[in-house]
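Reading through the structure tokens given below for one structure.
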Amino acid sequence: MLRPLYLMEERGVHLTVVPADAKGCIGVSQIEAAVRTETKAVVLTHASNVTGNVLDIEAVSKICSKHNLLFIVDASQSAGIIPINMQKIGISALCCSGHKSLLGPQGTGVLCLADGVFPAALKLGGTGVDSFSRIMPKFLPAALEAGTLNTHGLAGLLAACNYLKTYGQLKILKEATELAKLFEEGIKNIPGINLYGDFEAALRTPVVALNVRDIDSGEITDELFQRFGIATRAGAHCAPEVHRTFGTEEQGMVRFSFSHFNTKNEVKEAITALKILEEESR
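So the number in this note's numbering is just where the residue sits in the sequence shown, counting from 1, plus 730.
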């Protein structure tokens, strides 16, 4: 989400970035305090892909309604695991990728728009309708869908959504969160482990970001995979502001992402692996 915003800033749009606190959380009051007379929209990420922190989008929506602002939500990290009612909350536009908690194929994504919200097309081309028109169709979704659609990808995303409806998003959230909590409890007292995020929050996504002392996150990720067969993600996670908050721009972080497909035994193996790596780092 940041790069499109930075591009708009280069084109003259004023951008206000609300800073996070020591746990990587952003207070609703801070968001309202950042609203200016010329502010047109509030754009935010529902859940952090690094810390798992979740923003109270219902409270933010009330601020947007109060100040007559568009409310744009990136739900890439929450869609599929945290139920979201756009109409009830009052979201103007919601976007998300399809391959994360929605469990769909890579190369798929979703853009949901409230009534009356009609963004300009970024890509122009054939749509299969209004072929004699020199401009894009004036109705959705054709106005935003130039070219050949990723039909097989969308079929996979539909199948994934049907699975989520059958299994239940709240059930998935509960099961995955229990595993993440088990993991966090198992490593929080290891001397050289640094954890990032608000682990006391009532609602968070099942990811845990950490570092082992001052060791580069890429080294830890490689060790976890090569020696223990544990797949994690290292680096900046496309979230530079989070790393500026925690001072981990150079080291990055090691992120563990838990799913309801994981097991308690796998969590215990991960805890044991980190204990071994931490002991070896002394």
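Positions of the beta carbon are idealized from the N, C-alpha and C atoms, including for glycine.
Here the structure is a predicted model, which means the values were calculated and not measured.
Close-in-space but distant-in-sequence residues of the same chain around residue i (CB under 6 angstroms, 5 per side omitted)
i	result
Phe-801	Val-772, Ser-791, Cys-794, Ile-821 and Ser-822
Leu-716	Outside the displayed range of the chain (731 to 1012) lies residue 716, so it cannot be described from this structure.
8 angstroms Cβ cutoff met for residue i and residue j
i	j	result
Phe-825	Gly-810	Note that residue 825 corresponds to Cys in the displayed sequence, not to Phe. No, these two residues do not count as a Cβ contact at 8 angstroms.
Phe-988	Leu-909	yes
Met-866	Thr-857	yes
Leu-677	Gly-834	The chain is shown only over 731 to 1012; residue 677 falls outside these bounds and no answer can be derived.
Gly-782	Gly-927	yes
Glu-768	His-744	yes
Val-938	Ser-1011	no
Ala-966	Gly-977	no
Gly-748	His-797	Position check: residue 748 holds Val in this sequence, whereas Gly was assumed. Against a cut-off of 8 angstroms, the Cβ pair of His-797 and Val-748 comes out as no contact.
Gly-883	Gly-855	no
Ala-964	Thr-951	yes
Own chain residues within Cβ distance below 7 angstroms of residue i, not counting five before or after
i	result
Phe-955	Ala-961
Ala-1000	Phe-913, Ile-960 and Phe-986
His-776	Val-784, Leu-785, Ile-787, Val-803, Asp-804, Ala-805, Gln-807 and Ser-808
Reduced DSSP category for residue i - H, G, I as helix; E, B as strand; rest coil
i	result
Thr-975	helix
Leu-912	helix
Cys-891	helix
Ile-802	strand
Ser-791	helix
Gly-855	coil
Val-780	coil
Backbone CA spacing between residue i and residue j [nearest angstrom]
i	j	result
Lys-1050	Cys-842	In the structure as shown, the chain begins at 731 and stops at 1012. Residue 1050 is therefore absent and cannot be evaluated.
Asn-995	Ile-923	21 angstroms
His-990	Arg-864	49 angstroms
Lys-853	Gly-742	21 angstroms
Asn-919	Leu-832	33 angstroms
Ile-1006	Lys-911	20 angstroms
8 angstroms CB neighbourhood of residue i in its chain, flanking five on each side removed
i	result
Ile-969	The displayed chain sequence assigns Ala, not Ile, to residue 969. Contacts found: Ser-778, Asn-779 and Val-780.
Sufficient close CB pairs (3 or more, under 8 angstroms) joining the segment 837-856 to the segment 867-874: Flag = yes, the segment 837-856 and the segment 867-874 touch.
At least three beta-carbon pairs within less than 8 angstroms, the segment 945-955 to the segment 894-906: The segment 945-955 is not in contact with the segment 894-906.
Validate contact between the segment 757-773 and the segment 929-937 using beta carbons, cut 8 angstroms, 3 pairs: No: the two stretches stay apart, fewer than three of their Cβ pairs being nearer than 8 angstroms.
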